[in-house]
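Enquirer: Chains as they are written, first to last, in my numbering: chain A, 1 to 97; chain B, 101 to 197; chain C, 201 to 297; chain D, 301 to 397; chain E, 401 to 497; chain F, 501 to 597; chain G, 601 to 697.
Positions of the beta carbon are idealized from the N, C-alpha and C atoms, including for glycine.
First, the structure itself, so that you have it in front of you.
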Amino acid sequence: MSIKPLDNRVVVQYVKKDEGEEKTKGGIVLPDTAKKDEKPQQAEIVAVGKNIAPEDGEAEIAVGDTVIFDKYAGTKVEIDSEEYIILSIDDVLAVIE
Amino acid sequence: MSIKPLDNRVVVQYVKKDEGEEKTKGGIVLPDTAKKDEKPQQAEIVAVGKNIAPEDGEAEIAVGDTVIFDKYAGTKVEIDSEEYIILSIDDVLAVIE
Amino acid sequence: MSIKPLDNRVVVQYVKKDEGEEKTKGGIVLPDTAKKDEKPQQAEIVAVGKNIAPEDGEAEIAVGDTVIFDKYAGTKVEIDSEEYIILSIDDVLAVIE
Amino acid sequence: MSIKPLDNRVVVQYVKKDEGEEKTKGGIVLPDTAKKDEKPQQAEIVAVGKNIAPEDGEAEIAVGDTVIFDKYAGTKVEIDSEEYIILSIDDVLAVIE
Amino acid sequence: MSIKPLDNRVVVQYVKKDEGEEKTKGGIVLPDTAKKDEKPQQAEIVAVGKNIAPEDGEAEIAVGDTVIFDKYAGTKVEIDSEEYIILSIDDVLAVIE
Amino acid sequence: MSIKPLDNRVVVQYVKKDEGEEKTKGGIVLPDTAKKDEKPQQAEIVAVGKNIAPEDGEAEIAVGDTVIFDKYAGTKVEIDSEEYIILSIDDVLAVIE
Amino acid sequence: MSIKPLDNRVVVQYVKKDEGEEKTKGGIVLPDTAKKDEKPQQAEIVAVGKNIAPEDGEAEIAVGDTVIFDKYAGTKVEIDSEEYIILSIDDVLAVIE
């Protein structure tokens with residue numbers, strides 16, 4: 001069972017933190033104000049809608065990318081005990097490389 | 101008697117849960133915040149408007165699809181004791197496959 | 201004397217309920233939340249504006265159709281003791297067939 | 301002295317009721333809710349702006365037509381002791397014929 | 401020293417009432433509701449922006465015209481002890497002829 | 501060090517009033533309501549963005565012009581102890597000549 | 601690890617003030633009202649989205665530019681203990697040169 005976003009939407013999922021993993025390599029830390037809300041602003045893309053592609057060439061994001069998005073954006077859903085967020089591409093601000 | 105949505109709208113209906121059915125195969129569970137509102141966000145498409153089709157080719161949704169939609173979207177109607185929700189396609193976020 | 205809506209508007213009128221008529225054949229019942237407001241959401245089209253037609257072909261609604269519309273949409277007027285609602289086509293959600 | 305509306309506006313004036321005139325022939329009566337506000341929603345067109353014409357052919361309204369308009373629409377002005385309302389064509393809902 | 405409005409704006413100035421002038425010839429009187437606000441809605445155009453002209457031909461307003469405008473529209477300025485109002489053409493409703 | 505506005509923005513600076521200068525020659529006085537706010541509405545253009553030019557020909561404003569702008573428009577910044585306001589061209593109402 | 605903004609966004613970072621550095625050469629001081637909020641309005645561009653380029657030629661901003669932006673614009677993120685702000689290009693008002 002999978003979730004397929006429509007139009008220009010993407011589905012993201014919070015990365016599960018491996019306990020033994022160090023934060024120095026690619027670890028993203030949110031500023032204090034964000035921590036208070038306890039809403040992480042970054043997640044991994046697990047699915048993209050069919051319109052996620054620029055008119056002239058290469059897409060800016062793809063499944064597997066870690067992205068930053070607006071804290072109040074998107075709709076949460078839970079499927080098979082996994083939690084996802086469905087976002088419009090317009091709410092995706094940047095990719096972490 | 102049937103309901104035919106206009107323009108780019110779809111009509112959805114909550115799937116009736118069979119008591120003996122297991123949730124492990126395709127069972128969708130909503131997160132806690134959604135449960136409090138007691139408004140399920142997914143339903144089955146029972147009719148689509150004539151403009152539900154992308155400009156270049158294959159439609160993204162069809163009658164019979166299970167879709168996720170915005171919790172506060174749509175208009176509820178009851179016809180012949182059956183309850184339906186009429187949604188704009190813009191409020192349909194994703195298809196569950 | 202008649203009422204002719206402009207542009208993309210339609211004029212609808214609540215169907216008068218015949219006391220002896222049964223509800224099983226095409227009877228539309230509104231859900232509880234709608235009943236509280238006591239605002240029926242369906243009526244019959246009695247006139248359409250000259251722009252009520254899709255760009256490519258057949259019109260989706262016509263005089264005589266029973267339609268569902270947004271509860272808070274439209275403007276009520278009374279002419280010759282008959283009450284009408286003037287609606288934009290955008291507020292007409294679906295046709296009951 | 302006359303008033304000439306700009307662009308897509310019309311000027312309307314409430315029809316003076318002749319005391320001896322009967323209401324059965326073309327008399328328009330507003331519903332109770334409208335009466336409470338004591339704002340009649342219909343008046344006669346006395347002038348139209350130069351852009352009051354559809355792109356493809358015949359205009360939908362003309363000077364002399366009795367029209368229905370949104371209760372809260374328009375701007376009242378008084379010229380030579382005559383009261384007028386200046387409306388955008390978008391606030392004119394229908395013509396009474 | 402003069403004021404030159406940009407784009408599609410006009411500059412208007414309230415007509416100074418000559419004490420001996422009678423109101424019967426072109427005198428405009430505002431309705432009671434307008435009088436309470438003590439904001440006259442008509443004034444004379446003293447300057448127009450360079451974009452005040454329709455695409456197909458003759459301009460609808462010109463310097464010297466007496467116009468009616470939205471009561472809450474525009475920005476007041478005073479230059480050399482003269483008070484002016486700068487209005488967008490969209491806030492000019494009609495010309496008094 | 502200088503400030504270069506982007507797109508269709510302009511940078512303005514309040515004209516420093518020379519004590520000995522008379523107001524009769526080009527002195528602009530604001531009406532009472534504006535004075536209470538103590539926000540002058542006119543200033544001199546010190547820089548313009550690269551898109552400040554009409555499509556068909558001559559620009560309406562240039563560096564050195566004295567302009568009138570919306571009281572609540574723009575963003576104040578201070579650079580090297582000089583205070584500037586960055587405005588969109590849409591908030592510039594008129595030029596004083 | 602780096603941050604790559606999407607579409608027409610830029611990533612900026614507040615310039616670290618070197619204690620021994622004088623403010624006379626390029627030091628930007630914000631007015632009192634801005635200081636109260638303690639939100640500096642200027643920062644250095646560290647990354648730009650792929651759509652940051654005018655249609656006809658040269659881009660107005662580039663990595664390394666010091667820019668002024670709307671105080672309430674943008675989204676703060678912290679990556680590897682560095683704080684960044686992601687802004688739409690529309691919220692970038694001017695470049696300091």
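For Lys52 (chain A), does the three-state DSSP call read helix, strand or coil?
Expert: By 1-based counting over the first sequence, the position of residue 52 (chain A) is 52. The residue you asked about is not Lys; residue 52 (chain A) is Ile in the sequence shown. Coil at Ile52 (chain A), not helix or strand.
Enquirer: Are the CB atoms of Tyr384 (chain D) and Gly313 (chain D) within a distance shorter than 8 Å?
Expert: Residue numbering aside, residue 313 (chain D) sits at position 13 when the fourth sequence is read from its first letter. Residue numbering aside, residue 384 (chain D) sits at position 84 when the fourth sequence is read from its first letter. Looking at the sequence itself, residue 313 (chain D) is Gln, so the reference to Gly does not match. Yes. Within cutoff.
Enquirer: Less than 8 Å between CB atoms is the rule here; does Ile552 (chain F) satisfy it with respect to chain E?
Expert: On the sixth sequence, position 52 is the one that residue 552 (chain F) refers to. No, because no Cβ of chain E sits closer than 8 Å to the Cβ of Ile552 (chain F).
Enquirer: Which word fits Gly449 (chain E), buried or exposed, when buried means at least 16 other C-beta atoms lie within 10 angstroms of its C-beta?
Expert: The sequence position of residue 449 (chain E) within the fifth sequence is 49, counting from 1. Label assigned to Gly449 (chain E): buried.
Enquirer: Closer than 8 Å, CB to CB, is Glu197 (chain B) near chain C or not?
Expert: Your numbering for residue 197 (chain B) matches position 97 in the second sequence. No - not a single Cβ of chain C is within 8 Å of the one on Glu197 (chain B).
Enquirer: What are the partner residues of Val277 (chain C), as DSSP defines its beta bridges?
Expert: Reading the third sequence from its first residue, position 77 is the one you call residue 277 (chain C). DSSP lists C:Tyr284 as partners of Val277 (chain C).
Enquirer: In this structure, does DSSP put Val510 (chain F) in helix, strand or coil?
Expert: Position 10 of the sixth sequence, counted from the start, is the residue given in the question as residue 510 (chain F). Correct three-state label for Val510 (chain F): strand.
Enquirer: Do you know offhand how far Ala553 (chain F)'s Cα is from Ile245 (chain C)'s?
Expert: Working through the sixth sequence from its first residue, we reach residue 553 (chain F) at position 53. Working through the third sequence from its first residue, we reach residue 245 (chain C) at position 45. Cα-Cα distance, rounded: 51 Å.
Enquirer: Could you give the C-beta distance for Ile268 (chain C) and Gln241 (chain C), rounded to a whole number, given that I count them as a contact under 8 Å?
Expert: Translated into the one-based positions of the third sequence, residue 268 (chain C) becomes position 68. Translated into the one-based positions of the third sequence, residue 241 (chain C) becomes position 41. The Cβ separation is near 5 Å, so the contact holds.
Enquirer: Below 9 Å on C-beta distance, what does Ile161 (chain B) contact in chain A?
Expert: On the second sequence, residue 161 (chain B) is found 61 positions in, with the first residue counted as 1. Under the 9 Å cutoff, chain A gives Leu6.
Enquirer: Listed in chain order, which residues of the region 463-493 of chain E have Cβ atoms closer than 7 Å to some Cβ of chain F?
Expert: Residues Thr475, Lys476, Val477, Glu478, Ile479, Ser481, Glu483 and Ile486.
Enquirer: Ordered along the chain, which non-local residues of its own chain (more than five positions away) have a Cβ less than 6 Å from that of Ile196 (chain B)?
Expert: As a working note, residue 196 (chain B) is residue 96 in the second sequence. Result list for Ile196 (chain B): Thr166, in chain order.
Enquirer: For Pro305 (chain D), tell me which candidate among D:Asp380, D:Ser381 and D:Val363 has the shortest Cα-Cα distance.
Expert: For the purposes of this step, residue 305 (chain D) is taken as residue 5 along the fourth sequence, with counting starting at 1. Cα-wise, what sits closest to Pro305 (chain D) is D:Val363.
Enquirer: Output the distance between the C-alpha atoms of Ser581 (chain F) and Leu687 (chain G), rounded to the nearest integer angstrom.
Expert: Along the sixth sequence, one-based indexing puts residue 581 (chain F) at 81. Along the seventh sequence, one-based indexing puts residue 687 (chain G) at 87. Distance between the alpha carbons of Ser581 (chain F) and Leu687 (chain G): 26 Å.
Enquirer: Give the residues of chain A in contact with Val611 (chain G), contact being defined as C-beta atoms less than 7 Å apart.
Expert: For this step, residue 611 (chain G) is matched to residue 11 along the seventh sequence. Those within 7 Å of Val611 (chain G) in chain A are Ala94.
Enquirer: Counting only beta-carbon separations shorter than 8 Å, does Glu322 (chain D) have a partner in chain C?
Expert: By 1-based counting over the fourth sequence, the position of residue 322 (chain D) is 22. Caution is warranted here: a pLDDT of 38 is assigned to Glu322 (chain D), below 50, making its placement in the model unreliable, and the coordinate value is therefore given only provisionally. Not closer than 8 Å to any Cβ of chain C, the Cβ of Glu322 (chain D) fails to qualify, so no.
Enquirer: Please state whether DSSP places Ile361 (chain D) in a helix, a strand or coil.
Expert: As a first step, residue 361 (chain D) is located in the fourth sequence; it is residue number 61 there, counting from the start. DSSP places Ile361 (chain D) in coil when its eight states are reduced to three.
Enquirer: Please name the residue in F:Ile589, F:Ala594, F:Gly574 and F:Val577 whose C-alpha comes closest to that of Thr475 (chain E).
Expert: The residue you call residue 475 (chain E) lines up with position 75 of the fifth sequence. Among F:Ile589, F:Ala594, F:Gly574 and F:Val577, the Cα nearest to that of Thr475 (chain E) belongs to F:Ala594.
Enquirer: Can the beta-carbon of Ala643 (chain G) be found closer than 8 Å to that of Ile603 (chain G)?
Expert: Here residue 643 (chain G) corresponds to residue number 43 of the seventh sequence, with the count starting at 1. Here residue 603 (chain G) corresponds to residue number 3 of the seventh sequence, with the count starting at 1. No; because the gap between Cβ atoms is not below 8 Å, this pair is not in contact.
Enquirer: List the residues of chain C whose Cβ lies closer than 8 Å to the Cβ of Ile103 (chain B), in chain order.
Expert: The residue labelled residue 103 (chain B) in the question sits at position 3 within the second sequence. In chain order: Ile268, Ala294, Val295, Ile296 and Glu297.
Enquirer: Going by DSSP, which residues form a beta bridge with Lys304 (chain D)?
Expert: Taking the first residue of the fourth sequence as 1, we reach residue 304 (chain D) at position 4. According to DSSP, which records beta bridges pairwise, Lys304 (chain D) is partnered with E:Val495.
Enquirer: Applying the 10 Å Cβ sphere with the 16-neighbour rule, what's the burial state of Val577 (chain F)?
Expert: Here the question's residue 577 (chain F) lines up with position 77 in the sixth sequence. Val577 (chain F) is buried by the Cβ-count criterion.
Enquirer: Express the C-alpha separation of Ile379 (chain D) and Ala159 (chain B) in angstroms, rounding to a whole number.
Expert: On the second sequence, position 59 is the one that residue 159 (chain B) refers to. On the fourth sequence, position 79 is the one that residue 379 (chain D) refers to. Taking the straight line from one Cα to the other gives about 58 Å.
Enquirer: Leaving out five residues before and five after Val192 (chain B) in sequence, what residues of the same chain have Cβ atoms less than 6 Å from its Cβ?
Expert: Looking up residue 192 (chain B) in the second sequence gives position 92. Cβ within range, chain order: Val167 and Phe169.
Enquirer: Give every residue of the same chain whose Cβ lies closer than 6 Å to the Cβ of Val211 (chain C), excluding the five residues on either side of it in the sequence, and list them in chain order.
Expert: For the purposes of this step, residue 211 (chain C) is taken as the residue at position 11 of the third sequence. Result list for Val211 (chain C): Ile203, Pro205, Val246, Ala247, Tyr284 and Ile286, in chain order.
Enquirer: If you draw a straight line from the alpha carbon of Val615 (chain G) to that of Ile89 (chain A), how long is it in whole angstroms?
Expert: Here the question's residue 615 (chain G) lines up with position 15 in the seventh sequence. Here the question's residue 89 (chain A) lines up with position 89 in the first sequence. Taking the straight line from one Cα to the other gives about 30 Å.
Enquirer: Can you determine whether any heavy atom of the ligand MG sits closer than 7 Å to the C-beta of Glu182 (chain B), and answer yes or no?
Expert: For the ligand MG, the structure offers nothing, since it holds no ligand at all.
Enquirer: How many angstroms separate the CA atom of Arg9 (chain A) from the CA atom of Asn51 (chain A)?
Expert: In the first sequence, residue 9 (chain A) corresponds to position 9, counting from 1. In the first sequence, residue 51 (chain A) corresponds to position 51, counting from 1. Distance between the alpha carbons of Arg9 (chain A) and Asn51 (chain A) is about 8 Å.
Enquirer: Short of 7 Å in beta carbon distance, which residues of its chain neighbour Asp7 (chain A), apart from the five on each side in sequence? Order them along the chain.
Expert: Position 7 of the first sequence, counted from the start, is the residue given in the question as residue 7 (chain A). For Asp7 (chain A), where only same-chain residues beyond five positions count, the Cβ hits under 7 Å are Gly49 and Asn51.
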